[in-house]
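Engineer:
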Amino acid sequence: MTEEYTVSFLVDNRSRDLKFNIATTLLTVVNHSDVNDTNFIIARFLLDNIDRLSSMSIYSVADECYVSRSSIQRFLKQIGYDSFTSIKESASKFHEHQKSFAASTNIPDYETFLNNQLSTMSYDINAMAEARDLRILANMIKESEKCVFLSADGSSYSIHSFQESMMAFGKFIWLLTGTSDNTVNILNDLGPRDLVVTCSASGNYALAINKTIHELNCRKSLITLNRTPLLANNYNKIYYLSSKITPSNNSHTPIRNVYTRYGMTYFLDLLFHYYYESFKT
Numbered sequence: 091m092t093e094e095y096t097v098s099f100l101v102d103n104r105s106r107d108l109k110f111n112i113a114t115t116l117l118t119v120v121n122h123s124d125v126n127d128t129n130f131i132i133a134r135f136l137l138d139n140i141d142r143l144s145s146m147s148i149y150s151v152a153d154e155c156y157v158s159r160s161s162i163q164r165f166l167k168q169i170g171y172d173s174f175t176s177i178k179e180s181a182s183k184f185h186e187h188q189k190s191f192a193a194s195t196n197i198p199d200y201e202t203f204l205n206n207q208l209s210t211m212s213y214d215i216n217a218m219a220e221a222r223d224l225r226i227l228a229n230m231i232k233e234s235e236k237c238v239f240l241s242a243d244g245s246s247y248s249i250h251s252f253q254e255s256m257m258a259f260g261k262f263i264w265l266l267t268g269t270s271d272n273t274v275n276i277l278n279d280l281g282p283r284d285l286v287v288t289c290s291a292s293g294n295y296a297l298a299i300n301k302t303i304h305e306l307n308c309r310k311s312l313i314t315l316n317r318t319p320l321l322a323n324n325y326n327k328i329y330y331l332s333s334k335i336t337p338s339n340n341s342h343t344p345i346r347n348v349y350t351r352y353g354m355t356y357f358l359d360l361l362f363h364y365y366y367e368s369f370k371t
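Encoded structure:
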């Protein structure tokens, strides 16, 4: 996503900061919490008041949520913020996130534009994702003792679908996000016969977990648009989604285009096809 927030991602008892859009963090809390839970109440309030959060105090938020100030502080630490000031700073930059969404759709004759973009994207990914490379990745998945796909929580739908497809043919794949409760134990347990595939079209999520990836003792692949050496040096193999859109960003950058919205789904559909063709019985 576009803006900077932090989520605690723990490996070997050391915390890593994952920076994304503040709204993504809060939406994740809302989507995974009971409506009567204190975390849900706080997250929903912050979402509804994100435009005025920069002018609010922790006391006013506590009063309007009918919770204690310590409850607000605990919530902020759970989602990776060390103070109320830090979340206010992220909220003040939220307009950058809004701009990227507006720019992606504020286009005349949008239906024709989108159709053309999807057609171009499919040809581009077909050219980049050669059959030989897809078969190699399919074989690595098949042979891996444990196969883990990593994705930002808000971008994981296409991997969920891929996970279900693979399970239908007997291959279990872990899907872990920055908010997965069992992320730490699973990653710590990976070895040389295991495989991690990071799915990060924009590269923002991949950059956020780059230090974690560096420490893993397993085979590592990345699917992305981002060609920065910061990522390239940490993976055994990178599958680039485009030859036409080739950003090389070393920090989190607002990117929203047809590739970041649909590219991962298309790539994983191709990958599943080659897996099925290779291992159908």
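Residue numbers (my numbering): 91 to 371.
All C-beta atoms, glycine included, are put in the ideal place defined by N, C-alpha and C.
#1: Per DSSP, what kind of secondary structure is Tyr329 in: helix, strand or coil?
#2: I'd like to check one pair, Ala221 with Tyr364: are the Cβ atoms closer than 8 Å?
#3: Would you call Phe362 buried or exposed, if buried means 16 or more other Cβ atoms sit within 10 Å of its Cβ?
#4: According to DSSP, simplified to helix, strand and coil, what is Val348?
#5: Among residues of its own chain, excluding the 5 on either side of Leu116, which ones have a beta-carbon nearer than 7 Å to its beta-carbon?
#6: Does the separation of the CB atoms of Leu143 and Tyr352 fall below 8 Å?
#7: Which first and last residues belong to the beta strand (DSSP E) in which Phe259 is found?
#8: Assuming Arg309 and Asn324 make a contact with CB atoms under 8 Å, what is their CB distance in whole Å?
#9: DSSP three-state call for Cys308: helix, strand or coil?
#10: Per DSSP, what kind of secondary structure is Ile335 in: helix, strand or coil?
#11: May I have the straight-line CA-CA distance separating Ser195 from Asn278, to the nearest angstrom?
#12: According to DSSP, is Thr267 part of a helix, a strand, or is it coil?
#13: Hey, Ser123 and Tyr356 are a contact pair by Cβ (cut 8 Å); roughly how many whole angstroms apart?
#14: Decide if Pro282 is buried, meaning its Cβ has at least 16 other Cβ atoms within 10 Å, or exposed.
#15: Could you name the residues of the same chain whose beta carbon sits closer than 8 Å to that of Leu285, not counting the 5 residues immediately before and after it, in chain order?
#16: Can you tell me where the beta strand (DSSP E) holding Thr288 begins and where it ends?
#17: Are the beta-carbon atoms of Thr118 and Gly244 separated by less than 8 Å?
#18: With DSSP as the reference, label Leu315 as helix, strand or coil.
#19: Kindly indicate which residue of Asn111, Lys189 and Tyr156 has the alpha-carbon position closest to the one of Asp127.
#20: Which runs of the alpha helix (DSSP H) fall wholly inside the stretch 144-221 and span at least 4 residues, in chain order?
#21: Using DSSP's beta-bridge definition, name the partner residues of Leu360.
#22: Would you kindly check if the distance between the Cβ of Cys289 and the Cβ of Ile335 is under 8 Å?
#23: Can you give the beta carbon distance from Ser332 to Leu315, rounded, assuming they're within the 8 Å contact cut?
#24: Throw me the rounded Cβ distance for the Ile345 and Ser292 pair, which I believe falls under 8 Å.
#25: Less than 8 Å separating the beta-carbons of Ile162 and Ile112?
#26: Would you mind sorting Thr371 into buried or exposed? The rule is 16 or more other CB atoms within 10 Å of its CB.
#27: By how many angstroms is the C-alpha of Ser341 removed from the C-alpha of His185?
Structural biologist: Well, looking at it:
#1: As a working note, residue 329 is residue 239 in the sequence shown. Of the three classes helix, strand and coil, the one that applies to Tyr329 here is strand, per DSSP.
#2: As a first step, residue 364 is located in the sequence shown; it is residue number 274 there, counting from the start. As a first step, residue 221 is located in the sequence shown; it is residue number 131 there, counting from the start. Yes, the pair counts as a contact, with Cβ atoms nearer than the cut-off.
#3: The residue you call residue 362 lines up with position 272 of the sequence shown. By the 10 Å Cβ count, Phe362 comes out buried.
#4: Position 258 of the sequence shown holds residue 348. In this structure, Val348 counts as helix in the three-state DSSP scheme.
#5: As a working note, residue 116 is residue 26 in the sequence shown. Within the same chain, Leu116 has close Cβ partners Ala133, Leu136 and Leu137.
#6: As a working mapping, residue 143 is identified with position 53 in the sequence shown. As a working mapping, residue 352 is identified with position 262 in the sequence shown. Taking 8 Å as the Cβ cut-off, Leu143 and Tyr352 do not qualify as a contacting pair.
#7: For the purposes of this step, residue 259 is taken as the residue at position 169 of the sequence shown. Where Phe259 is concerned, there is no enclosing beta strand (DSSP E), given that its DSSP letter is neither H nor E.
#8: Numbered from its first residue, the sequence shown carries residue 309 at position 219. Numbered from its first residue, the sequence shown carries residue 324 at position 234. Not confirmed; about 12 Å, so no contact.
#9: As a first step, residue 308 is located in the sequence shown; it is residue number 218 there, counting from the start. In the structure shown, Cys308 sits in coil (DSSP, three-state: anything other than H, G, I, E or B).
#10: Your numbering for residue 335 matches position 245 in the sequence shown. Looking at Ile335 - three-state DSSP - the assignment turns out to be coil, as it is neither helix nor strand.
#11: In the sequence shown, counting from the first residue as 1, residue 195 sits at position 105. In the sequence shown, counting from the first residue as 1, residue 278 sits at position 188. Checking the sequence, you will find Thr at residue 195 rather than Ser. Straight-line Cα distance between these residues: approximately 41 Å.
#12: Residue 267 sits at position 177 when you count from the first residue of the sequence shown. If DSSP states are grouped into helix, strand and coil, Thr267 belongs with coil.
#13: In the sequence shown, residue 123 corresponds to position 33, counting from 1. In the sequence shown, residue 356 corresponds to position 266, counting from 1. Not really, about 32 Å apart at Cβ, beyond 8 Å.
#14: Numbered from 1 along the sequence shown, position 192 holds the residue referred to as residue 282. The residue in question, Pro282, is exposed, as its Cβ has fewer than 16 Cβ neighbours within 10 Å.
#15: Here residue 285 refers to the residue found at position 195 when the sequence shown is read from its first residue. Excluding positions up to five away in sequence, the list reads Met230, Ile231, Ser234, Lys236, Cys237, Val238, Cys308, Arg309, Lys310 and Ser311.
#16: Position 198 of the sequence shown, counted from the start, is the residue given in the question as residue 288. Taken as a continuous stretch (DSSP letters only), the beta strand (DSSP E) holding Thr288 covers Leu285 to Cys289.
#17: Here the question's residue 118 lines up with position 28 in the sequence shown. Here the question's residue 244 lines up with position 154 in the sequence shown. Yes, these two residues count as a Cβ contact at 8 Å.
#18: For the purposes of this step, residue 315 is taken as the residue at position 225 of the sequence shown. Leu315 falls in the coil class under three-state DSSP.
#19: As a first step, residue 127 must be located in the sequence shown, where it is residue number 37. The option with the nearest alpha carbon to Asp127 is Tyr156.
#20: 148-155, 159-168, 174-182, 184-195 and 200-218
#21: Numbered from its first residue, the sequence shown carries residue 360 at position 270. BP columns for Leu360 are empty, so no partner.
#22: Position 245 of the sequence shown, counted from the first residue, corresponds to residue 335. Position 199 of the sequence shown, counted from the first residue, corresponds to residue 289. No, these two residues do not count as a Cβ contact at 8 Å.
#23: Reading the sequence shown from its first residue, position 242 is the one you call residue 332. Reading the sequence shown from its first residue, position 225 is the one you call residue 315. The pair is a contact, with the Cβ atoms about 6 Å apart (cut-off 8 Å).
#24: Mapped onto the sequence shown, residue 345 falls at position 255. Mapped onto the sequence shown, residue 292 falls at position 202. That pair is a contact at about 4 Å.
#25: On the sequence shown, residue 162 is found 72 positions in, with the first residue counted as 1. On the sequence shown, residue 112 is found 22 positions in, with the first residue counted as 1. No, Cβ-Cβ distance for Ile162 and Ile112 is not below 8 Å.
#26: By one-based count along the sequence shown, residue 371 stands at place 281. It is exposed - the Cβ of Thr371 has fewer than 16 other Cβ atoms within 10 Å.
#27: Along the sequence shown, one-based indexing puts residue 185 at 95. Along the sequence shown, one-based indexing puts residue 341 at 251. Each residue's alpha carbon lies about 18 Å from the other.
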